[in-house]
Amino acid sequence: MESQIKEGISAAFQALYTHDLAADDVALQPTRKDFEGTYTFLTFPFARVSKKGPEDTGNELGEYLKQNLAAVADYNTVKGFLNLVLSENSQVDQFAAMFNGTDIASSPVFKVERKNKTVVVEYSSPNTNKPLHLGHLRNNFLGNSVARILEASGHKVVKVQIINDRGIHICKSMLAWQRFGNGETPESTGIKGDHLVGKYYVAFDKAYKKEIAELVAEGMSSELAEKEAPILKAAQEMLKKWEAKDPEVYSLWETMNSWVYAGFETTYKRMGVDFDKLYYESNTYLIGRDRVMEGLEKGVFFKKEDGSVWVDLTDEKLDQKLLLRKDGTSVYMTQDIGTAIMRYEDYPELSQLIYTVGNEQEHHFRVLFAILKKLGYSWAEACYHLSYGMVDLPEGKMKSREGTVVDADDLMREMAATAKDRTMELGKIDGFTEEQAEKLYSVLGLGALKYFLLKVDPLRRMLFNPHESIEFQGNTGPFVQYTYARIRSIVRKADQLNIDLVTIQYEQIETLHETEKDLIHGIGLYSEKLHLAAEKSSPAVIAQYVYDLAKGYNRFYAEVKIFDEGDTEKRNFHIALSALTAQTIKLCMGLLGIDVPERM
RNA sequence: GGCCUCGUAGUUCAAUGGAUAGAAUAGAAGUUUCCUAAACUUUAGAUGCAGGUUCGAUUCCUGCCGAGGCUACCA
2 MESQIKEGIS AAFQALYTHD LAADDVALQP TRKDFEGTYT FLTFPFARVS
52 KKGPEDTGNE LGEYLKQNLA AVADYNTVKG FLNLVLSENS QVDQFAAMFN
102 GTDIASSPVF KVERKNKTVV VEYSSPNTNK PLHLGHLRNN FLGNSVARIL
152 EASGHKVVKV QIINDRGIHI CKSMLAWQRF GNGETPESTG IKGDHLVGKY
202 YVAFDKAYKK EIAELVAEGM SSELAEKEAP ILKAAQEMLK KWEAKDPEVY
252 SLWETMNSWV YAGFETTYKR MGVDFDKLYY ESNTYLIGRD RVMEGLEKGV
302 FFKKEDGSVW VDLTDEKLDQ KLLLRKDGTS VYMTQDIGTA IMRYEDYPEL
352 SQLIYTVGNE QEHHFRVLFA ILKKLGYSWA EACYHLSYGM VDLPEGKMKS
402 REGTVVDADD LMREMAATAK DRTMELGKID GFTEEQAEKL YSVLGLGALK
452 YFLLKVDPLR RMLFNPHESI EFQGNTGPFV QYTYARIRSI VRKADQLNID
502 LVTIQYEQIE TLHETEKDLI HGIGLYSEKL HLAAEKSSPA VIAQYVYDLA
552 KGYNRFYAEV KIFDEGDTEK RNFHIALSAL TAQTIKLCMG LLGIDVPERM
């Protein structure tokens, strides 16, 4: 539809002003609600071409389109705004072309052109010393949704994560467990593995702070005390032993990590995210170290007197960066270099490598990409940091050591509980089995949470109030889910009545309700929105779109009698339009990783 | 100090340089005779401040004020 109009405007410029304006260069925008029309064309920039005022230009173009384009039934011009009113015929045609019964995949609007490109999308990538929290939820939902969006746009997508399983943080948990753990295990305590390990991370911090306080009391400066606290020294010693593969340390490390992985697995499953390939820092840091040593030999990097290895990025205005400590151990950057190289070796055909990581690490990734480039990897250009804003609480930033984090497992559980309360109040689970009801609560709670976190532009930092943020009314996941469930109810009824949606006589439908026009137009925007979302790596585009669609449907639902309609073809059309809307909603919610219920 | 984000209704979010700045929520008033009121309708309410570019600025530029992040031999 849109391309028809663009062609028409292009032709009009040729016919009226003998001016070349490629159809692709015609910019159309949606007509504002207060004016009649569907598409609006701005004539301000073309006053020079037409040698007339914007309003006259609009009138001339409008008249030409009305005469020569069947789709344009009428027009109106306000200042430089040419509003085009579509003919009802053309809109019915547009619907007929989009609707293909229940077989959505074969519908032209939803058809996907497979591109021969592989995109690697990284997300989650937690440390293994503590459980996942609210920040990880935004990360996982965002990365997973972007992967789905790219997949739906025709790319081959590989979902990966780097598991930060080595380093000083896990040594802290290990040390604390050794000293204070009394042999506790997830089995012995009934505590989920990731939470148990997290408990000892907190215990370490407590002991560390206590030691600092004691040293300061003995007269040491707090700055020095932070470095000299014996328990920290012991953790650093443990890291060295780990890198030397000391059997006792290594075995404890394997045990505690396995607890954490079992815990993460449960959480991911509940979140509805998964991965195609996992990378472990304990493997990649070795590659990173080798490549750094190679770079050192080639003179890309340099060594300081104390033996530490650095890269000089002052030419890129990025300062110097440490790559290997003087004791030879690796830092975060070292392993990230190795991870990137491994990924490229695993997927040499990749055209993009997306890192879903918070905006606090923007500097880190600028440095990483600059280093990869300096090492001569042409694919460094294909690396992209999908940065997103932090999730803040009303009292400020979440701090895991101060216990102000919102735990992912707790939050998901609470969401489902709220969904249950709400559903019970409304008395909507007649005929549900216990199992179906529980499933529904989980779908609704998770839908509310995912939608809440995804509807905001990723770049923005956002506020999460645990007690107020998640609603089930208005611009929310459950609102969209409810709209879907309502339509499914209609389609079930139509099935019972043996209504045939495939052989609708569209030529008998001569008039359309305003809400029907809006819906047809809205559904037609799907592929445009999908591409925009892919281009911007922004699920928020999809969330806004599907909300508008659902809202439009609810208006239709309230204003149009769907079954109670004398004209059989019209009735069938109402149902078909409902069915196509439901299909579109399901598809969009799928892009966000949100399930839709058949009943609620 | 330097670099990077961001300041929109009471609150949480929208707005490729375009019309009278959209939603949701909280507030006020309504809607239940096909289909699910987790819905629909009406109403009131906002661009931090000061300049500049433009026919036109929430959007681009400059300065100021305010919030956050980065600037680790943490990850």
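Numbering-wise, the first sequence is residues 2 to 601 according to my numbering. Beta carbons are placed, not taken as given, at the ideal position from N, Cα and C, and that holds for glycine. As the structure is a prediction and not an experimental result, all values here were calculated from the model.
List the endpoints of the continuous beta strand (DSSP E) containing residue i.
i, result
"residue 162", "157-164"
"residue 150", "Element bounds for residue 150: not the beta strand (DSSP E) but the alpha helix (DSSP H), 135-153."
"residue 281", "278-281"
"residue 352", "351-359"
"residue 386", "384-389"
"residue 40", "40-43"
"residue 325", "321-325"
"residue 310", "310-313"
So the alpha helix (DSSP H) residue i belongs to, where does it begin and stop?
i, result
"residue 365", "363-375"
"residue 504", "Per DSSP, residue 504 belongs to no alpha helix (DSSP H) and is neither H nor E."
"residue 11", "3-18"
"residue 97", "89-99"
"residue 31", "No alpha helix (DSSP H) holds residue 31; the beta strand (DSSP E) holding it covers 29-31."
"residue 265", "248-272"
"residue 176", "169-181"
"residue 1", "Outside the shown range of the chain, which is 2 to 601, sits residue 1, and nothing can be said about it."
"residue 631", "Residue 631 is absent from the model: the chain starts at 2 and stops at 601."
"residue 306", "Run containing residue 306: none; DSSP gives neither H nor E here."
"residue 238", "231-244"
"residue 341", "333-347"
Measuring alpha carbon to alpha carbon, tell me which residue in the options is nearest residue i.
i, options, result
"residue 525", "95, 440, 244", "95"
"residue 447", "535, 131, 597, 390", "597"
"residue 177", "201, 158, 231", "201"
"residue 157", "179, 143, 119, 136", "119"
"residue 586", "555, 566, 570", "555"
"residue 162", "194, 136, 122", "122"
"residue 172", "71, 67, 236", "236"
"residue 111", "582, 600, 595", "582"
"residue 287", "11, 504, 135, 329", "329"
"residue 539", "488, 134, 461", "461"
"residue 536", "29, 11, 60, 152", "152"
"residue 60", "17, 592, 496", "17"
Put residue i into one of helix, strand or coil per three-state DSSP.
i, result
"residue 497", "helix"
"residue 471", "coil"
"residue 534", "helix"
"residue 197", "helix"
"residue 189", "helix"
"residue 74", "strand"
"residue 575", "helix"
"residue 84", "strand"
"residue 119", "strand"
"residue 443", "helix"
"residue 397", "strand"
"residue 597", "coil"
"residue 464", "strand"
"residue 53", "coil"
"residue 408", "strand"
"residue 451", "helix"
Would a C-beta distance cut-off of 8 Å place residue i and residue j closer than the cut-off?
i, j, result
"residue 129", "residue 169", "no"
"residue 354", "residue 344", "yes"
"residue 24", "residue 7", "yes"
"residue 205", "residue 174", "yes"
"residue 420", "residue 445", "yes"
"residue 196", "residue 132", "yes"
"residue 167", "residue 392", "no"
"residue 478", "residue 376", "no"
"residue 84", "residue 36", "yes"
"residue 81", "residue 56", "yes"
"residue 275", "residue 269", "yes"
"residue 387", "residue 334", "no"
Original post:
Okay, do the segment 170-188 and the segment 136-156 touch, 3+ Cβ pairs below 8 Å being the bar?
Top reply: no
Original post:
Would you say the segment 261-268 touches the segment 334-341, given that touching needs at least three Cβ pairs under 8 Å?
Top reply: no
Original post:
Quick check: the segment 381-388 against the segment 411-418, are there 3 or more CB pairs under 8 Å?
Top reply: no
**OP:** Check whether the segment 426-441 touches the segment 464-483, taking contact to mean three or more Cβ pairs, one atom from each stretch, closer than 8 Å.
**Re:** no
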